[in-house]
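*Asks:*
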Amino acid sequence: MSQGSTNYTNSPGSNADQAEITYGFVAPDWKDLDEILIYPTVPILFFSLLGIITNMINILVFVKMGIRDTTTVSMLALAVSDFLCCSLSLWTYLCFTPAFRDLPNLSFRPTEVAIETGTNFRPYMTRTGALITAFITLERCLCVVRPMKVRNIITLKMTRITIVVVYAVTILPFVAHPLHTTLGWKFDPDLNKTLLGAVRINLPISAILIQINAILCGFIYLLLASIIIVVCTLFLVISLVRSSRWRDAVRNQTQAPHGKTLDLNSNRPSKEIRLIKIVVAIALLFIICHLPGTIVIFIFPVTLNYIEQGRFYQSSILLQGFLFAFEVVNNSVNFFIYYSMGTKFRVVFRQLLGLKETKT
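One gets the numbering used here by counting positions in the sequence shown from 1 and adding 129 to each.
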């Protein structure tokens, strides 16, 4: 598998610039790339900063709510993953912006440090979020299919173990990258000083591990998560539609005296339906934001491998920038779903701000 096919980061510097310091390819002409990277960079920086703020709020609210149910644990883990993704995105693109990259008297090479500390690590956190989202949708499906048995199937302990395993299987493979290149001090003859940058180690096993990681994070994890999310989301949407039709039919047939409609919804069913809607919204957001990148990864990998080194290289960089932007949007806007659709989340958030509760 070539270097082009192992690029699943959808971020700047993951091809030619990394190749310069790692694989020996020709470095990009930053003057030309700056003109096209400005288009995805602005929204990426904005949504990365937004995501850092909103996910910090999500974490605080979920902790305040109390980690006493499986869904809260999963959503807290998703918020942590999204927070890390947005932080790495902001750091990476900040280092690649000309205003920061070309600052004088820096003691490090921004692009090289960004690749080693941000670009290489971010896809692992992205896949972590994808697998957690898949677990959330799968859990909600089981609640619909086996509502009486799901509490025995998916317990709080089992959920915590699952989250730990998901983080482990997605983050541990990152160890392969420091075995290939790492950060170190090296002399820059142009500036006549020593700078912190990428230093090639290139252990024989590292190349094999990186190829395996590319298959795992670039294909298997994404494919597995996408299939689970799409199938479970379709099932939940169908379940919501059927439930809505059933309630409408019963409401029309069941009337209280004096023309008043009987209350058919107890508190628990209402909360369950609201939670299903939140999960569906999160899943649909994931599908919409990751669909373009998934299509590129699974349908056009060979084509991208060619154009990244050919005449359409700049176009491929622009495409990857926008795919990266879609992922950052997915990492940053869950707060608005929770706030608009989650009554308890909204109440706790307003309490954190010292605001009075509003009737909904």
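Virtual Cβ for every residue (Gly too), placed ideally from N, Cα, C.
Small disclaimer: the values here were computed from a predicted structure and weren't measured.
So which of 236, 461, 215 has the shortest CA-CA distance to residue 322?
*Replies:* The residue labelled residue 322 in the question sits at position 193 within the sequence shown. For residue 322, the closest alpha carbon among the candidates 236, 461, 215 is that of 236.
*Asks:* With DSSP collapsed to three states, give me the class of residue 323.
*Replies:* In the sequence shown, residue 323 corresponds to position 194, counting from 1. Note: residue 323 maps to strand in three-state DSSP.
*Asks:* Which class does residue 317 belong to by DSSP, given the choice of helix, strand or coil?
*Replies:* If you number the sequence shown from 1, residue 317 lands on position 188. The answer is strand: DSSP assigns residue 317 an E or B state.
*Asks:* With a cut-off of 8 Å on the beta carbons, I'd call residue 351 and residue 302 a contact; round off their distance for me.
*Replies:* To locate residue 351, count along the sequence shown from 1; it is residue 222. To locate residue 302, count along the sequence shown from 1; it is residue 173. The pair is not a contact, with the Cβ atoms about 14 Å apart (cut-off 8 Å).
*Asks:* Determine the burial state of residue 459: buried for a count of at least 16 other Cβ atoms within 10 Å of its Cβ, exposed for fewer.
*Replies:* For the purposes of this step, residue 459 is identified with residue 330 of the sequence shown, where counting begins at 1. Under this definition residue 459 is a buried residue.
*Asks:* For residue 310, which of helix, strand or coil comes out of DSSP?
*Replies:* For the purposes of this step, residue 310 is taken as the residue at position 181 of the sequence shown. Residue 310: strand per DSSP, three-state reduction.
*Asks:* Can you give the Cα-Cα distance for residue 454 and residue 173, rounded to whole angstroms?
*Replies:* One-based indexing of the sequence shown puts residue 454 at position 325. One-based indexing of the sequence shown puts residue 173 at position 44. Cα to Cα, the separation comes out at about 5 Å.
*Asks:* Helix, strand or coil for residue 237, going by three-state DSSP, please let me know.
*Replies:* Taking the first residue of the sequence shown as position 1, residue 237 is located at position 108. Of the three classes helix, strand and coil, the one that applies to residue 237 here is strand, per DSSP.
*Asks:* In chain order, what residues of the same chain lie with their CB nearer than 6 Å to the CB of residue 268, ignoring the 5 residues before and after it?
*Replies:* Taking the sequence shown and counting its residues from 1, one reaches residue 268 at position 139. Taken in chain order, the residues that qualify are 283.
*Asks:* Can the beta-carbon of residue 410 be found closer than 8 Å to that of residue 259?
*Replies:* Taking the sequence shown and counting its residues from 1, the one referred to as residue 410 is at position 281. Taking the sequence shown and counting its residues from 1, the one referred to as residue 259 is at position 130. Contact: no.
*Asks:* State the beta-bridge partners of residue 328 as determined by DSSP.
*Replies:* Mapped onto the sequence shown, residue 328 falls at position 199. Note: residue 328 sits in a beta bridge opposite 311.
*Asks:* First and last residue of the alpha helix (DSSP H) that includes residue 483?
*Replies:* As a position in the sequence shown, residue 483 is number 354, starting the count at 1. No alpha helix (DSSP H) holds residue 483; DSSP gives it neither H nor E.
*Asks:* Should residue 472 go down as buried or exposed, given a rule of 16 or more other Cβ atoms within 10 Å for buried?
*Replies:* Position 343 of the sequence shown holds residue 472. Exposed, by the Cβ-count rule.
*Asks:* What three-state label does DSSP hand residue 472 in the structure shown?
*Replies:* Taking the first residue of the sequence shown as position 1, residue 472 is located at position 343. Looking at residue 472 - three-state DSSP - the assignment turns out to be helix.
*Asks:* Can a CB atom of chain C be found closer than 8 Å to the CB of residue 420?
*Replies:* This model lacks chain C altogether; it includes just one protein chain.
*Asks:* Should the region 415 to 424 be called in touch with the region 356 to 375, which here means at least 3 C-beta pairs below 8 Å?
*Replies:* yes
*Asks:* Check whether the region 199 to 210 and the region 181 to 190 are in contact - that is, three or more C-beta pairs closer than 8 Å.
*Replies:* A contact exists between the region 199 to 210 and the region 181 to 190.
*Asks:* If you check the beta carbons only, do residue 289 and residue 202 fall under 8 Å apart?
*Replies:* The count along the sequence shown starts at 1 and reaches residue 289 at position 160. The count along the sequence shown starts at 1 and reaches residue 202 at position 73. Going by C-beta atoms, residue 289 is nearer than 8 Å to residue 202.
*Asks:* Please classify residue 211: does DSSP put it in a helix, a strand, or coil?
*Replies:* As a working note, residue 211 is residue 82 in the sequence shown. Residue 211: helix per DSSP, three-state reduction.
*Asks:* Which of the three DSSP states is assigned to residue 267 in this structure?
*Replies:* Locating residue 267 in the sequence shown gives position 138, counting from the first residue. It is helical.
*Asks:* Exposed or buried, residue 204, counting other C-beta atoms within 10 Å across all chains shown (16 or more means buried)?
*Replies:* Walking along the sequence shown from the start, residue 204 turns up at place 75. Counting Cβ neighbours within 10 Å, residue 204 comes out buried, since at least 16 surround it.
*Asks:* What first and last residue would you give for the alpha helix (DSSP H) that runs through residue 285?
*Replies:* Taking the sequence shown and counting its residues from 1, the one referred to as residue 285 is at position 156. Looking at the DSSP string, the run of the alpha helix (DSSP H) that includes residue 285 is 285 to 300.
*Asks:* Is residue 276 helix, strand or coil when you go by DSSP?
*Replies:* Within the sequence shown, numbered from 1, the residue matching residue 276 stands at position 147. The answer is coil: DSSP assigns residue 276 none of H, G, I, E or B.
*Asks:* When burial is assigned at 16 or more other CB atoms within 10 Å of the CB, is residue 342 buried or exposed?
*Replies:* Numbered from 1 along the sequence shown, position 213 holds the residue referred to as residue 342. Classification for residue 342: buried.
*Asks:* Going by C-alpha to C-alpha distance, which of 447, 199, 191, 249 sits closest to residue 292?
*Replies:* By one-based count along the sequence shown, residue 292 stands at place 163. In terms of CA proximity to residue 292, 199 leads the group 447, 199, 191, 249.
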